[in-house]
Amino acid sequence: MPRLEPSQPAPDFTLPSDGGDDITLSALRGAPVVLVFYPKAMTSGCTQQACGFRDALASFAKVDATVLMISPDPVEQLVKFREKEGLTFPLLSDESHEVLEAYGVWVEKSMYGRKYMGVERSTLVVGSDGVLQHADYKVKPAGDAERVLALLS
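According to this note's numbering, the residues represented by the sequence shown are 114 to 266, in order.
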């Protein structure tokens with residue numbers, strides 16, 4: 114799938130969350146939504162990124178933004194991740210990769226000469242009208258939350 118660009122409508126979705134409920138993107142219209150796509154719960158980079166958003170959550174609330182983190186992990190793994198790291202925003206499970214593909218973050222990767230499909234760490238901001246405001250692919254875990262806050266301020 115091609116990557117999405119700012120000014121494109123954000124593909125709508127409904128995904129199960131670590132809280133036991135389903136979250137629908139279009140139901141959050143009226144305020145910005147930060148979509149953080151990450152490869153795997155409880156790995157070092159993903160933990161660093163998630164904790165950065167956790168620590169900045171009050172600042173995101175000041176700009177009325179909702180943070181959602183999305184990975185292909187099963188819900189049970191997301192619950193463990195939330196409990197271990199004290200995360201207080203929804204972690205969404207996309208085991209089918211449908212949403213990951215729609216957002217252009219399910220890509221071919223390579224490690225030690227082995228090719229496989231996986232999540233390209235990416236952060237996208239959906240405006241209050243459901244249109245993409247920012248789309249950043251191949252982001253670094255460190256400082257991602259601060260960078261996104263600067264975009265929203």
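Beta carbons are placed, not taken as given, at the ideal position from N, Cα and C, and that holds for glycine.
Query - Minimum length 4: unbroken alpha helix (DSSP H) runs contained in the segment 118–177 - result: Counting only runs of 4 or more, we get 157–168, 170–175.
Report task. Answer yes or no: do Asp-125 and Leu-141 have a C-beta to C-beta separation smaller than 7 Å? Result -> At a Cβ-Cβ threshold of 7 Å, Asp-125 and Leu-141 do not count as neighbours.
**Report entry** Per-residue DSSP class, three states only, for Arg-116
**Finding:** Three-state DSSP puts Arg-116 in coil, outside helix and strand.
Query - Tyr-229, buried or exposed, once every other Cβ within 10 Å from all chains shown has been counted against 16 - result: In this structure Tyr-229 is exposed. Its beta-carbon is surrounded by fewer than 16 other beta-carbon atoms within 10 angstroms.
Query raised in the report: Gly-217 to Arg-116, Cα distance in whole Å?
Result: Going by the C-alpha atoms only, they are around 4 Å apart.
Query - Own chain partners of Gln-121 with C-beta closer than 6 Å, once the 5 adjacent residues on each side are dropped - result: Excluding residues within five positions, the ones whose Cβ falls inside 6 Å are Leu-245.
Report task. For the beta strand (DSSP E) containing Ala-252, list its first residue and its last residue. Result -> According to the sequence provided, residue 252 is Val. The question's Ala does not apply to it. Per DSSP, Val-252 lies in no beta strand (DSSP E) and is assigned neither H nor E.
Query - Between the CA atoms of Ser-172 and Thr-127 - distance to the nearest angstrom - result: About 26 Å.
Query - Extent of the continuous alpha helix (DSSP H) run through Val-212 - result: 211–215 is the span of the alpha helix (DSSP H), which, as asked, contains Val-212.
Query raised in the report: In whole angstroms, what separates the C-alpha of Lys-193 from that of Leu-264?
Result: Between the alpha carbons of Lys-193 and Leu-264 lies a distance of about 31 Å.
Query raised in the report: Of the choices Gly-143, Trp-219, Gly-165, Ser-184, whose alpha-carbon is the least far from that of Leu-200?
Result: Ranking Gly-143, Trp-219, Gly-165, Ser-184 by Cα distance to Leu-200 puts Gly-165 first.
**Report entry** Environment of Asp-207 [buried if 16+ CB atoms lie within 10 Å]
**Finding:** Its Cβ being crowded by 16 or more others within 10 Å, Asp-207 is buried.
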